[in-house]
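Engineer: Pasting in a structure now, in structure tokens, and then I'll have a few things to ask.
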Amino acid sequence: MIAAYITSHEGLVPVEEWVDGCWIKVVNPTEKEIALLVERFGVFIEFFTDPLDVDERARFEVDKGNILILIRSPRREPEEAVIPYITLPIGIILTGNVIITVTLTEVDVLDEFISGWVRNSDTKIRTRFALQICYRTALRFLRYLKDINRMSNLIEMNLYRSTTNDQLLDLLSLHKSLVFFITSLRSNSLMVEKISYSNILEMTDDELDLYEEMVIENKQALEMANIYQSIIVGMSDAFASIINNNVNVVMKLLTSITILIALPTLIASIYGMNVVLPLQENPFAFLFIMFGALAASALGLFILVRWKVL
18 MIAAYITSHE GLVPVEEWVD GCWIKVVNPT EKEIALLVER FGVFIEFFTD PLDVDERARF
78 EVDKGNILIL IRSPRREPEE AVIPYITLPI GIILTGNVII TVTLTEVDVL DEFISGWVRN
138 SDTKIRTRFA LQICYRTALR FLRYLKDINR MSNLIEMNLY RSTTNDQLLD LLSLHKSLVF
198 FITSLRSNSL MVEKISYSNI LEMTDDELDL YEEMVIENKQ ALEMANIYQS IIVGMSDAFA
258 SIINNNVNVV MKLLTSITIL IALPTLIASI YGMNVVLPLQ ENPFAFLFIM FGALAASALG
318 LFILVRWKVL
């Protein structure tokens, strides 16, 4: 799918033609669409195919004056997904007087521009627009990291009384998301640092300020991801022990109940024997037997409590 937008006095509006100063948004293009773009802009074909590889690392390339900036961006998965957050590559191509983005699927970061959430964005200023995409990507990482932290806190509250592995599996899913985040953020940070000394982008003072903010946000996101990963690893180890302890408590309770029930059962079994027994002719024998059974259970309960078994 190919869509084009341009910034006007009304904001970001769609256009039918690929005019100078527009943003061409390419999502999961067909071979025919890729061939059309390559022919129109004279861009290296790998600039369009590499961002479609979900495992592609962040980097930048220059070919005949055309620039590819490839970053990895986070995406929230549907609720039924095993892993709540993943990362996908975004290809940002600066060619001629247009900017082109290439993604395999719809990406949350680019939707922010279409929805008008990004202030001072202008497709005609290509360098700033590309830096804004990178900057919003770093902010999106921070936002999702806060969501992951909040989810881990909810899981922690449920783990205290859990005897199943459901919460641990949820923690494992969050841990996988953090691994994806850390790997992508490291790759993004290396790419961003290389931009500063490669001079592939001619930046104004305002764009340089935006670039520095992007570097700071990337570092902060990477530090937060590392911290949250350490916390979740520690929680997983600790709560694995807690779940085992909870199971032991339940088993101890069931064993104690079995012992308390076994005492009156033993007495009833003895008086069920087909032999001569004491009090068998006494009209109050049943009451004596029940009282004895209850007394034995009460004594057993007292001993278990005294020994702090219950």
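Numbering (the numbering used here), first residue to last: 18 to 327. Heads up, the beta-carbon is just placed ideally off N, CA and C, and yes, glycines get one too. Quantities reported herein were computed from a predicted structural model and do not represent experimental measurements.
(1) Specify the secondary structure class of residue 100 as computed by DSSP and reduced to three states.
(2) Give the single residue among 109, 96, 84, 79 whose Cα lies nearest to the Cα of residue 40.
(3) Locate the beta strand (DSSP E) running through residue 90, then write down its first and last residues.
(4) Does the distance from the C-beta atom of residue 150 to that of residue 115 stay below 8 Å?
(5) For the segment 120 to 158, list the alpha helix (DSSP H) runs that are entirely contained and at least 4 residues long, ordered along the chain.
(6) Should residue 330 be labelled buried (16 or more other beta-carbon atoms within 10 Å of its own) or exposed?
(7) Taking the alpha-carbon of residue 30 as reference, which of 50, 131, 101, 260 has the nearest alpha-carbon?
(8) Would you mind working out which of 262, 111, 69 sits nearest residue 82, comparing C-alpha positions?
(9) Whose C-beta lies closer than 6 Å to the C-beta of residue 143 among residues of the same chain, with five residues either side of it excluded?
(10) Mind checking which residues open and close the beta strand (DSSP E) that includes residue 22?
(11) Figure out for me which residue from 133, 249, 28 has the closest Cα to the Cα of residue 171.
(12) Kindly confirm or deny that the segment 57 to 74 and the segment 82 to 98 touch, where touching means at least three C-beta pairs closer than 8 Å.
(13) Tell me which residue opens and which closes the alpha helix (DSSP H) that residue 199 is part of.
(14) Cα separation between residue 310 and residue 318?
(15) Whole-angstrom Cβ separation of residue 124 and residue 92, contact assumed at under 8 Å?
(16) Taking the straight line between their C-alpha atoms, what separation do you get for residue 253 and residue 314?
(17) Could you give the distance in angstroms between the alpha-carbon of residue 147 and the alpha-carbon of residue 227?
(18) Just to check my reading of the structure: residue 194 and residue 165 have Cβ atoms closer than 8 Å, yes? What is that Cβ distance to the nearest angstrom?
(19) Mind listing, in chain order, the continuous beta strand (DSSP E) runs of no fewer than 3 residues lying wholly within the segment 21 to 70?
Structural biologist: This is what the structure gives:
(1) Numbered from 1 along the sequence shown, position 83 holds the residue referred to as residue 100. In this structure, residue 100 counts as coil in the three-state DSSP scheme.
(2) Taking the first residue of the sequence shown as 1, we reach residue 40 at position 23. Measuring from the Cα of residue 40, the nearest candidate turns out to be 109.
(3) In the sequence shown, residue 90 corresponds to position 73, counting from 1. Run containing residue 90: 83 to 93, per the beta strand (DSSP E) assignment.
(4) Taking the sequence shown and counting its residues from 1, the one referred to as residue 150 is at position 133. Taking the sequence shown and counting its residues from 1, the one referred to as residue 115 is at position 98. Result no, Cβ atoms of residue 150 and residue 115 do not sit closer than 8 Å.
(5) Within the segment 120 to 158, the alpha helix (DSSP H) runs of at least 4 residues that lie entirely inside it are, in chain order, 125 to 132.
(6) Outside the shown range of the chain (18 to 327) lies residue 330, about which nothing can therefore be said.
(7) Walking along the sequence shown from the start, residue 30 turns up at place 13. The shortest C-alpha separation from residue 30 is found at 131.
(8) Position 65 of the sequence shown holds residue 82. When each option's Cα is compared against that of residue 82, the closest is 111.
(9) As a position in the sequence shown, residue 143 is number 126, starting the count at 1. For residue 143, where only same-chain residues beyond five positions count, the Cβ hits under 6 Å are 111, 116.
(10) Translated into the one-based positions of the sequence shown, residue 22 becomes position 5. Under the DSSP assignment, residue 22 falls in the beta strand (DSSP E) whose first and last residues are 19 to 25.
(11) The residue you call residue 171 lines up with position 154 of the sequence shown. Measuring from the Cα of residue 171, the nearest candidate turns out to be 249.
(12) Yes: the two stretches touch, three or more of their Cβ pairs being nearer than 8 Å.
(13) Your numbering for residue 199 matches position 182 in the sequence shown. Residues 183 to 215.
(14) To locate residue 310, count along the sequence shown from 1; it is residue 293. To locate residue 318, count along the sequence shown from 1; it is residue 301. Cα to Cα, residue 310 sits roughly 12 Å from residue 318.
(15) The sequence position of residue 124 within the sequence shown is 107, counting from 1. The sequence position of residue 92 within the sequence shown is 75, counting from 1. Right, their Cβ atoms sit about 6 Å apart.
(16) For this step, residue 253 is matched to residue 236 along the sequence shown. For this step, residue 314 is matched to residue 297 along the sequence shown. Their backbone Cα atoms lie some 40 Å apart in a straight line.
(17) Within the sequence shown, residue 147 is the residue found at index 130, counting from 1. Within the sequence shown, residue 227 is the residue found at index 210, counting from 1. Our two residues, residue 147 and residue 227, have alpha carbons roughly 11 Å apart in a direct line.
(18) As a working mapping, residue 194 is identified with position 177 in the sequence shown. As a working mapping, residue 165 is identified with position 148 in the sequence shown. Their Cβ separation, rounded to whole angstroms, is 6 Å, which keeps residue 194 and residue 165 in contact under 8 Å.
(19) 28 to 32, 40 to 44
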